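Asker: Residue numbers (the working numbering), protein chains in the order written: chain E, 7 to 269; chain S, 217 to 555.
Take this structure first; my questions come after.
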């Protein structure tokens, strides 16, 4: 953990070397993601409510999902484009030459502070949504905490699965964005409005819906018309752990393939 | 017991067969046809602690692949490697603590940061005790003259500076073996010389075992006590540099300074053992096969025909020796293909 901090601190120092460009990027990420939310706002206002959810309700969903994705992007960017480059130019070899786990090292190879833009924007929207919550219980706060942290873990797992595919494909398959960015947009709306197939996918295979949606249900004291229990949020740590375990296992298979195929 | 023991090492890559016609491209994308490429066929050698060995061969001979297996990056298709107590790819994390690796073409340093920060990060990565780290840094700063660019970001270093920094980085954690893949590639004469001197010193003073691949003949002549030569994935020679010359360097050259012009060229060219003759007004150079004739016998014959002012017998340059070996094994390969 100390080593992780030192490596990350080095990455951040490197990024801060270009101060103006850094500030500009943080701002542009905030603006880009704000525009995303404005798009959501327009949709909701058009229909007044979606699946019985008002705009502030949806702000809670969106806020959790966006800030979690922002955190994941910040932490796990090493699995994204930089990793693709690692495989293409063979710098992954250097990772194998260091006396630490490869998953850890790739995670520690990049930390994009500029993604803070999305996190901040997500938290701002979230706080607007939370403004309407009259009563706060321990359970509400816990649901919020679980919602953000556990979905962050799932997003990170998704990024690493995308990276693992590079061991075979070299280029990162575009389809992963459907689950990360697409997942974020989808979980910004109540799960009940979606088709059954989509619901099943986002409750099981890519269980973002099984974390973010019940978290919002619990915080807002709502119930799902289709019977998805709000109490599902208490399973979120287990779900997140399972995702992380699967992603890590898949990763080790990928590394073994790399070492024996010698790309 | 040898420090490094490589036995019948083999590595086969499976590569996609590219389409010959453009029409085929889409079909090949859907159903790729692969073929196996043998990069390393059956390589065996042993290296003792403290040796400095040149691992040589023409491009595509399998040098880098062998080095990648020795460093634990790649898993062998067959055969065995043992370095110290470790099997490189299997014990990777523990093993890489004991080795240092420098790839000439690729830096292992943190690109965006001042050079000194890479050394500091490596201290944490390898958990080098602070006192030991300071001591090593002091040594390398002097030997490699690092001080002038410690504060410069790695991306701004010249190639020579970068290579020096990479060498220091590879040795900060006191590895017992140093693997180098073309450490002098692209460097100027002075920078090359400095790297060679440094490697020699590290090998002598610290007893670091060094295995290096290179195409640079100066590296081989000045550094390598022993040469392992591979071609087409097999070891074709493994012995001292002297033995290499003895075995393959059959050609030698007799250079004669003449007192007066107009030597009997046709006659000289037909002396036994003479393979090739060049001359100008005052100089005559005879390439001869030393298995057919000795230098003494040839000189005795030459002085019968000429008034000699001075003469010298030249050893074959290692370059010629290597060229002869590569050419010979290419012929063997050609025959194998023809069959």
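Quick reminder that beta carbons are idealized off the backbone N, C-alpha and C, glycines included.
As the structure is a prediction and not an experimental result, all values here were calculated from the model.
To which residues of the same chain is residue 491 of chain S closer than 8 Å at the C-beta, ignoring the five residues directly before and after it?
Answerer: Position 275 of the second chain holds residue 491 of chain S. Within the same chain, residue 491 of chain S has close Cβ partners 467, 503, 504 and 505.
Asker: Any Cβ of chain S within less than 8 Å of the Cβ of residue 22 of chain E?
Answerer: Looking up residue 22 of chain E in the first chain gives position 16. No, no contact with chain S.
Asker: Would you say residue 267 of chain E faces chain S, with C-beta separation under 8 Å as the test?
Answerer: Indexing the first chain from 1 puts residue 267 of chain E at position 261. Yes - at least one Cβ of chain S is within 8 Å of the one on residue 267 of chain E.
Asker: Given residue 273 of chain S, which residues of its chain have a CB within under 7 Å of its CB, disregarding the five upstream and five downstream residues?
Answerer: Against the second chain, residue 273 of chain S aligns to sequence position 57. 279, 445, 446 and 447.
Asker: Applying a beta-carbon distance threshold of less than 9 Å, which residues of chain E neighbour residue 287 of chain S?
Answerer: For the purposes of this step, residue 287 of chain S is taken as residue 71 along the second chain, with counting starting at 1. The contacting residues are 99, 102 and 103.
Asker: Beta strand (DSSP E) containing residue 273 of chain S: first to last residue?
Answerer: For the purposes of this step, residue 273 of chain S is taken as the residue at position 57 of the second chain. Premise fails: residue 273 of chain S is in no beta strand (DSSP E) and is neither H nor E.
Asker: Please list, in chain order, the residues of the stretch 170-187 of chain E that have any C-beta partner in chain S closer than 8 Å.
Answerer: none
Asker: When you compare only the Cα positions, how much space is there between residue 341 of chain S and residue 424 of chain S?
Answerer: If you number the second chain from 1, residue 341 of chain S lands on position 125. If you number the second chain from 1, residue 424 of chain S lands on position 208. Each residue's alpha carbon lies about 21 Å from the other.
Asker: Beta-carbon of residue 435 of chain S versus every beta-carbon of chain E: anything under 8 Å?
Answerer: Taking the first residue of the second chain as 1, we reach residue 435 of chain S at position 219. It does not: the Cβ of residue 435 of chain S has no partner Cβ on chain E nearer than 8 Å.
Asker: Under three-state DSSP, which class holds residue 458 of chain S?
Answerer: Taking the second chain and counting its residues from 1, one reaches residue 458 of chain S at position 242. Reduced to three states, the DSSP call for residue 458 of chain S is helix.
Asker: For the putative contact between residue 217 of chain E and residue 137 of chain E, defined by C-beta atoms under 8 Å, what is the C-beta separation to the nearest angstrom?
Answerer: Looking up residue 217 of chain E in the first chain gives position 211. Looking up residue 137 of chain E in the first chain gives position 131. Not confirmed; about 23 Å, so no contact.
Asker: By Cβ distance below 7 Å, which residues in the same chain neighbour residue 554 of chain S in space, the five residues on each side in sequence not counted?
Answerer: The residue labelled residue 554 of chain S in the question sits at position 338 within the second chain. With a pLDDT of only 49 at residue 554 of chain S, under 50, the local geometry of the prediction cannot be trusted, and the value read off the model is given with reservation. Hits under 7 Å: none found.
Asker: Which of helix, strand or coil does DSSP assign to residue 239 of chain S?
Answerer: In the second chain, counting from the first residue as 1, residue 239 of chain S sits at position 23. Under the three-state reduction of DSSP output, residue 239 of chain S falls in the coil class, being neither helix nor strand.
Asker: Once you ignore the five residues that flank residue 169 of chain E on each side, which residues in its own chain have a CB closer than 6 Å to its CB?
Answerer: The residue given as residue 169 of chain E occupies position 163 in the first chain. Cβ neighbours of residue 169 of chain E beyond the five flanking positions: 85 and 89.
Asker: Determine the closest residue to residue 533 of chain S out of S/486, S/498, S/461 and S/514, with distance taken between C-alpha atoms.
Answerer: The residue labelled residue 533 of chain S in the question sits at position 317 within the second chain. Residue nearest to residue 533 of chain S within the set S/486, S/498, S/461 and S/514 is S/461 (criterion: CA-CA distance).
Asker: Let me confirm a value: residue 3 of chain E is counted as buried when at least 16 other C-beta atoms fall within 10 Å, else exposed. Which label applies?
Answerer: Since the first residue shown for chain E is 7 and the last is 269, residue 3 of chain E is missing from the structure and cannot be characterised.
Asker: Look at residue 221 of chain S and residue 449 of chain S and say whether their C-beta atoms are less than 8 Å apart.
Answerer: Against the second chain, residue 221 of chain S aligns to sequence position 5. Against the second chain, residue 449 of chain S aligns to sequence position 233. Their beta carbons are not under 8 Å apart, which means residue 221 of chain S does not touch residue 449 of chain S by this criterion.
Asker: Answer with yes or no whether the minimum CB distance from residue 329 of chain S to chain E is below 8 Å.
Answerer: Counting from one through the second chain, the residue named residue 329 of chain S turns up at place 113. Closer than 8 Å: yes.
Asker: Under 8 Å, CB to CB, which of the residues in the stretch 261-288 of chain S have a partner in chain E?
Answerer: 281, 284, 287 and 288
Asker: To the nearest angstrom, report how far apart residue 284 of chain S and residue 254 of chain S are at their CA atoms.
Answerer: On the second chain, position 68 is the one that residue 284 of chain S refers to. On the second chain, position 38 is the one that residue 254 of chain S refers to. Cα-Cα distance, rounded: 15 Å.
Asker: Report the residue from E/76, E/184 and E/167 whose alpha carbon sits nearest the alpha carbon of residue 109 of chain E.
Answerer: For the purposes of this step, residue 109 of chain E is taken as the residue at position 103 of the first chain. Nearest of E/76, E/184 and E/167 to residue 109 of chain E, Cα basis: E/167.
Asker: By Cβ distance, which residues of its chain are closer than 8 Å to residue 225 of chain E, with the 5 residues on each side in sequence left out?
Answerer: As a working mapping, residue 225 of chain E is identified with position 219 in the first chain. Around residue 225 of chain E: 66, 136, 139, 146, 149, 150 and 153.
Asker: Helix, strand or coil for residue 258 of chain S per DSSP?
Answerer: Sequence index remark: in the second chain, residue 258 of chain S carries index 42 (1-based). Residue 258 of chain S: strand per DSSP, three-state reduction.
Asker: Output the distance between the C-alpha atoms of residue 10 of chain E and residue 440 of chain S, rounded to the nearest integer angstrom.
Answerer: Position 4 of the first chain, counted from the start, is the residue given in the question as residue 10 of chain E. Position 224 of the second chain, counted from the start, is the residue given in the question as residue 440 of chain S. Using only the alpha carbons, I get a separation of about 40 Å.
Asker: Kindly list the residues whose CB is nearer than 7 Å to the CB of residue 250 of chain E, restricted to its own chain and excluding five residues on each side of it in sequence; keep chain order.
Answerer: As a first step, residue 250 of chain E is located in the first chain; it is residue number 244 there, counting from the start. Cβ neighbours of residue 250 of chain E beyond the five flanking positions: 159 and 163.
Asker: Grouping DSSP H, G and I as helix and E and B as strand, with all else coil, what is residue 537 of chain S?
Answerer: Here residue 537 of chain S refers to the residue found at position 321 when the second chain is read from its first residue. Residue 537 of chain S falls in the helix class under three-state DSSP.
Asker: Looking at the C-beta of residue 349 of chain S, does it have a partner C-beta in chain E at a distance below 8 Å?
Answerer: By 1-based counting over the second chain, the position of residue 349 of chain S is 133. So no, residue 349 of chain S is outside the interface.
Asker: Quick one: give me the first and last residue of the alpha helix (DSSP H) that residue 402 of chain S is part of.
Answerer: Position 186 of the second chain, counting from 1, holds the residue named residue 402 of chain S. Where residue 402 of chain S is concerned, there is no enclosing alpha helix (DSSP H), given that its DSSP letter is neither H nor E.
Asker: Quick check on the burial criterion: 16 or more other C-beta atoms within 10 angstroms. Buried or exposed for residue 123 of chain E?
Answerer: Along the first chain, read from residue 1 onward, the residue named residue 123 of chain E stands at position 117. Answer is buried; the Cβ neighbour count reaches 16.
Asker: Under 8 Å by Cβ, that's how I've got residue 384 of chain S and residue 335 of chain S pegged, so tell me the actual separation to the nearest angstrom.
Answerer: The sequence position of residue 384 of chain S within the second chain is 168, counting from 1. The sequence position of residue 335 of chain S within the second chain is 119, counting from 1. With 8 Å as the limit, residue 384 of chain S and residue 335 of chain S qualify as a contact, their Cβ atoms being about 7 Å apart.
Asker: Counting only C-beta atoms, is residue 555 of chain S closer than 8 Å to chain E at any point?
Answerer: Working through the second chain from its first residue, we reach residue 555 of chain S at position 339. At residue 555 of chain S, the pLDDT of 44 sits below 50, so the modelled position is not reliable; the number obtained from the coordinates is stated separately. Under the 8 Å criterion on CB atoms, residue 555 of chain S is classed as non-interfacial with respect to chain E.
Asker: Based on DSSP bridge pairs, tell me the residues matched to residue 227 of chain S.
Answerer: Here residue 227 of chain S is taken as the residue at index 11 of the second chain, counted from 1. Answer is S/256, bridged to residue 227 of chain S.
Asker: Give the list of continuous beta strand (DSSP E) stretches no shorter than 3 residues that lie fully inside the stretch 452-520 of chain S.
Answerer: 467-474, 490-495 and 499-505
Asker: Does residue 256 of chain S get closer than 8 Å to chain E when you measure Cβ to Cβ?
Answerer: Counting from one through the second chain, the residue named residue 256 of chain S turns up at place 40. In terms of beta-carbon proximity, residue 256 of chain S stays away from the interface with chain E, with every pair separated by 8 Å or more.
Asker: Are the C-beta of residue 313 of chain S and some C-beta of chain E separated by less than 8 Å?
Answerer: Indexing the second chain from 1 puts residue 313 of chain S at position 97. Judged by the 8 Å Cβ criterion, residue 313 of chain S is in contact with chain E.
Asker: Establish whether the CB of residue 19 of chain E and some CB of chain S are separated by less than 8 Å.
Answerer: Position 13 of the first chain, counted from the first residue, corresponds to residue 19 of chain E. Residue 19 of chain E counts as touching chain S.
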